[in-house]
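A short write-up of the structure that comes next.
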Amino acid sequence: MSYTIEQRDEQLLNSEAKIFYHISFPQAGQHLMQIEMRVETDAEKLIFALPNWLPGSYKIRDFVAVQGNVVAVTSNGEELPSTWLSKNRLEVETKGEREVQLRYLYYANERTVRQSHVNRFHAFFNPGNCLMFVEGRTNEVHHVELEHNWTHVSTALSPVSEGVWGALNYDILVDSPVEIGDHFVAFYERKGATHEIAITGAGDFDPEWIVERTKTVVDEGMAMWGVMPYDRYVYILHMLPGQYGGLEHARSQVSMFDSNFFADKKKMQKFLELLTHEYFHTWNVKRIRPRELGPFNYHDENYTRMLWLAEGATSYYDSLISYRSGFFTQDEYLKVLAEDHLSALLDVPGRNVMSIKDSSFLAWVKLYNPTPDSHNRFPSYYLKGGIIFLLLDLYIIDRSNATSSLDDGMRALYSRYESNPAVGITEEEFVQVISEATGVEIEKTFVHWLNSTEELPAASIFHSFGLKWKQKKEKKEMLGDGIEIPRSTRTWIGLGVKEEGGSLHVAKVWAGTPAELAGVGVDDEIIAINGRRVGSMAVWKGVMENANLGAALRLTCSAEGYLYETEVEPVERTAYSLKLVSPLTEDQQKRFEKWLGNSGRRSEEEREAQLTNGVAKAEAKI
Ligand SMILES: [Zn+2]
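In this text, residue positions in the sequence shown follow numbering that gives the first Met the number 0: the first is 0, and each later residue adds one.
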């Protein structure tokens, strides 16, 4: 059977399986899952293995580290001989038994989208963390029986019979996280598909408001792609203080977000961008995917140079679709592009050091293993990839004289998936499909952006759209008596600091800045500036805000307890903005409309209501 992640609920109803898991939670308070695996076999030996990483999160995590009390037995409970072949592979001798049971505990105490978390109030697990597979048999149907006393099970696994859920193969099982608890649930239909919204956690949010916004996300997804790729989709949302993260699946997503966000419009928009991002992945990366990302090797790193497609395109579209949804006004969207995307990349010296293809290939040890020096060494394929896709969209609109856009290219990629779902695409195929679908030859330009560490040509591309990418003007500050003092908006020395136990420490140093030239290093303590003690962030901010261009600051620091002094001269920190010039020429107008015109899909009132309703409710609750 060839590789597939597609599953419809009707395929599993009353199905049979020779690989069966029974999961119970008698020690949920201690974060333990009790797992019993039953496998029918006629082989002499079985090899059981647990993945070392989870697709979508590119890091070796050795989930087996929290597995314990592993024992293989016959159906009568007699122990069978077993041997560990490597850290995550266990060989069991069947001794002619037709059924082998493997029993173990799994300590689930990490509440992240890629791990598992069980306590007395709920159980959330990623099957790829805790359910072993049988080598050579991953293409079989797998069943999971859940024994618990909670009220709801929310998962993209398909119902088989009372309390039993199933997956057509192990890849689909891994791709189907499970939330069990007494959480909020809501259901609705869209285009013949069932959508379930499962929300766990507490805070100042309104679950019904979230349900309504997911409908907008689904509708905009449909408007963009024109095809609904699933029969059922589950949003599993963990809303808890300080949480942030998301992980995509073929028929579900897990998103975690700070539960106290309703009073803050920007955070609310971030939350909606996150839901949009993970939902966009339903098409891009779960289905349209780099060739190396499925089928997976669960033991080792699965290297790909194409995470710019998986995450770059998705980062571009999460903001763009949020704009189309009405989560941002046009001005807000341009501001997001200017600040969160374009300026953010200019704050990463590593953009001139490593290409995003290399940054993608090395994600396992770079982006997923960051250090305080990372920003100086490589750009994120999310950030730079998102900008490359913004520029690609504008390039296509410009060169096609506003007759096609990247949307056409993305839809063609999806058609390519439908015609060959078992095999992902290569960079060459991507270039070919986009060029053919849009009528714009992209190879020379686009492939250069992927391989190069040069600055991207944003300003020149924006020009055709009547957009001006410019450096912000100096702010004039008025003194009380009306005397105007010109002052740079933001001077800086290239240091990021953090306050720890009453002292100030260097958290980050930017390459090519005065701080780097002055020899200041990460972890050094900053004791005084110009002879005056700085022990807190507040004092630090005050000094920096009043620092003048070119006027040297004398820093007294300590490196591992040894004092040193050094001087830095503040420089101007460039800030940029993206503004629409007026009036637009006819050509500029046409191009801008093609890019951000909403095609009348959503009325202005409807767009405005997306956020104002939420703000109103939040105020009522506070
Ligand atoms: Zn993503």
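The beta-carbon is built from N, C-alpha and C at its ideal position, and this holds for glycine as well. No experiment lies behind these values; they were computed from the predicted model shown.
- To which residues does DSSP link N450 through a beta bridge? Along the sequence shown, one-based indexing puts residue 450 at 451. None; N450 has no bridge partner.
- Message: What residue range does the alpha helix (DSSP H) around T313 cover?
- Response: Here the question's residue 313 lines up with position 314 in the sequence shown. Looking at the DSSP string, the run of the alpha helix (DSSP H) that includes T313 is 312-324.
- Report back the beta-carbon spacing between L393 and F464 to the nearest angstrom; my notes put them in contact at under 8 Å. Within the sequence shown, residue 393 is the residue found at index 394, counting from 1. Within the sequence shown, residue 464 is the residue found at index 465, counting from 1. Rounded, the Cβ-Cβ distance is 6 Å, consistent with contact.
- Beta carbon of D117 nearer than 8 Å to that of L45: In the sequence shown, counting from the first residue as 1, residue 117 sits at position 118. In the sequence shown, counting from the first residue as 1, residue 45 sits at position 46. The residue you asked about is not Asp; residue 117 is Val in the sequence shown. No. Outside cutoff.
- Can you tell me the Cβ-Cβ gap for W307 and Y380, rounded? I've got them flagged as a contact below 8 Å. On the sequence shown, residue 307 is found 308 positions in, with the first residue counted as 1. On the sequence shown, residue 380 is found 381 positions in, with the first residue counted as 1. Going by Cβ atoms, the distance from W307 to Y380 rounds to 5 Å, so yes, they are a contact pair.
- Task: Can you grab the Cα-Cα spacing for the pair E564 / S342, in whole Å?
- Result: Position 565 of the sequence shown holds residue 564. Position 343 of the sequence shown holds residue 342. For E564 and S342, the distance between alpha carbons rounds to 32 Å.
- Determine, using beta carbons only, whether P228 and L172 come nearer to each other than 8 Å. As a first step, residue 228 is located in the sequence shown; it is residue number 229 there, counting from the start. As a first step, residue 172 is located in the sequence shown; it is residue number 173 there, counting from the start. Cβ atoms of P228 and L172: not closer than 8 Å.
- Tell whether a beta-carbon distance below 8 Å holds between F279 and D317. In the sequence shown, residue 279 corresponds to position 280, counting from 1. In the sequence shown, residue 317 corresponds to position 318, counting from 1. One thing to note: F279 has its Cβ within 8 Å of the Cβ of D317.
- Item | Contact between the region 258-273 and the region 230-247 (3+ Cβ pairs under 8 Å) | A contact exists between the region 258-273 and the region 230-247.
- Message: Once DSSP output is grouped into helix, strand and coil, what is the label at K264?
- Response: To locate residue 264, count along the sequence shown from 1; it is residue 265. Of the three classes helix, strand and coil, the one that applies to K264 here is helix, per DSSP.
- Where does P289 sit, in a helix, a strand or coil, going by DSSP? For this step, residue 289 is matched to residue 290 along the sequence shown. In the structure shown, P289 sits in a strand (DSSP, three-state: E or B).
- What whole-angstrom Cβ distance do P348 and W509 have, given they're in contact under 8 Å? Position 349 of the sequence shown, counted from the first residue, corresponds to residue 348. Position 510 of the sequence shown, counted from the first residue, corresponds to residue 509. A Cβ-Cβ distance of about 6 Å is found for the pair P348 and W509, placing them in contact under the 8 Å criterion.
- Task: Note down, one range per segment and in chain order, each alpha helix (DSSP H) of at least 4 residues found wholly within the region 558-620.
- Result: Runs found: 585-595, 603-620.
- Message: 8 Å is my cut-off, CB to CB: does R553 come that close to chain B?
- Response: This model lacks chain B altogether, as it is built from one protein chain only.
- Message: Comparing C-alpha positions only, which one of S451, N87, F186 sits nearest to A207?
- Response: For the purposes of this step, residue 207 is taken as the residue at position 208 of the sequence shown. Rather than Ala, the amino acid found at residue 207 in this sequence is Glu. Selected option, being the one with the closest Cα: F186.
- Query: Going by DSSP, what residues sit across from Q252 in a beta bridge?
  - Reply: Along the sequence shown, one-based indexing puts residue 252 at 253. Beta-bridge pairing by DSSP links Q252 to Y234, E247.
- Query: Got a sec: does ligand 1 put a non-hydrogen atom nearer than 7 Å to the Cβ of E440?
  - Reply: Start at 1 with the first residue of the sequence shown, and residue 440 comes out as number 441. No - ligand 1 has no heavy atom lying nearer than 7 Å to the Cβ of E440.
- Query: Within this structure, are the beta carbons of L79 and V63 separated by less than 8 Å?
  - Reply: For the purposes of this step, residue 79 is taken as residue 80 along the sequence shown, with counting starting at 1. For the purposes of this step, residue 63 is taken as residue 64 along the sequence shown, with counting starting at 1. Against a cut-off of 8 Å, the Cβ pair of V63 and L79 comes out as no contact.
- Message: Using only CA atoms, which one of H121, V140, S23, N51 lies nearest to L11?
- Response: Stepping through the sequence shown from its first residue, residue 11 is reached at position 12. Ranked by Cα distance from L11, the options H121, V140, S23, N51 are led by V140.
- Q10, enclosing alpha helix (DSSP H) - first and last residue: Position 11 of the sequence shown holds residue 10. Counted as a single uninterrupted DSSP element, the stretch harbouring Q10 is not any alpha helix (DSSP H), since DSSP gives it neither H nor E.
- Query: Going along the chain, which residues of its own chain have a beta-carbon closer than 6 Å to the beta-carbon of R606, five neighbours each way excluded?
  - Reply: What you label residue 606 is simply residue 607 of the sequence shown in a count that begins at 1. Correct list, in chain order: G325.
- Looking only at DSSP bridge pairs, what is M36 linked to? Within the sequence shown, the letter at position 37 stands for residue 36. Paired residue(s): Y20, L101.
- Message: What does the alpha-carbon distance come out to for the pair T193 and N13?
- Response: Here the question's residue 193 lines up with position 194 in the sequence shown. Here the question's residue 13 lines up with position 14 in the sequence shown. Spanning the alpha carbons of T193 and N13 requires a straight line of approximately 20 Å.
- Less than 8 Å between the CB atoms is what I'm expecting for A122 and G180, so what's the real figure, rounded? Translated into positions along the sequence shown, residue 122 becomes position 123. Translated into positions along the sequence shown, residue 180 becomes position 181. Sure, about 7 Å apart at Cβ, within 8 Å.
- Message: Between the alpha carbons of R189 and T215, how many angstroms are there, rounded?
- Response: Residue mapping note: residue 189 aligns to position 190 of the sequence shown, counting from 1. Residue mapping note: residue 215 aligns to position 216 of the sequence shown, counting from 1. Taking the straight line joining both Cα atoms gives about 11 Å.
- Item | Three-state secondary structure assigned by DSSP to A517 | The sequence position of residue 517 within the sequence shown is 518, counting from 1. In the structure shown, A517 sits in coil (DSSP, three-state: anything other than H, G, I, E or B).
- Message: With DSSP as the reference, identify every bridge partner of F47, one or two as the case may be.
- Response: The residue labelled residue 47 in the question sits at position 48 within the sequence shown. Secondary-structure assignment with DSSP links F47 through a beta bridge to L89, V133.
- Using the C-alpha atoms, what's the distance from L274 back to A197? By one-based count along the sequence shown, residue 197 stands at place 198. By one-based count along the sequence shown, residue 274 stands at place 275. Spanning the two alpha carbons is a distance of roughly 13 Å.
- Query: With C-beta atoms as the reference, is S535 less than 8 Å away from L503?
  - Reply: Locating residue 535 in the sequence shown gives position 536, where the first residue counts as 1. Locating residue 503 in the sequence shown gives position 504, where the first residue counts as 1. One thing to note: S535 has its Cβ within 8 Å of the Cβ of L503.
- Message: Going by DSSP, what residue range makes up the alpha helix (DSSP H) through G220?
- Response: Position 221 of the sequence shown, counting from 1, holds the residue named residue 220. Its alpha helix (DSSP H) spans residues 206-224.
- Could you tell me which of K266, V112, K507, L366 sits nearest to L53, measuring between CA atoms? For the purposes of this step, residue 53 is taken as residue 54 along the sequence shown, with counting starting at 1. Nearest to L53 by alpha-carbon distance, out of K266, V112, K507, L366, is V112.
- Message: Can you list, in chain order, the residues of its chain with a C-beta nearer than 8 Å to that of I441? Leave out the 5 residues immediately preceding and following it.
- Response: For the purposes of this step, residue 441 is identified with residue 442 of the sequence shown, where counting begins at 1. Here the set comprises L391, Y394, I395, V430, I433, S434.
- Query: alpha helix (DSSP H) containing H30: first to last residue?
  - Reply: For this step, residue 30 is matched to residue 31 along the sequence shown. From DSSP, H30 is part of no alpha helix (DSSP H); its letter is neither H nor E.
- Item | Opening and closing residue of the alpha helix (DSSP H) in which R189 lies | Taking the first residue of the sequence shown as 1, we reach residue 189 at position 190. Taken as a continuous stretch (DSSP letters only), R189 belongs to no alpha helix (DSSP H), being part of the beta strand (DSSP E) at 183-189.
- For T73, which beta-bridge partners are listed by DSSP? Translated into the one-based positions of the sequence shown, residue 73 becomes position 74. Under DSSP, the beta-bridge partners assigned to T73 are V99.
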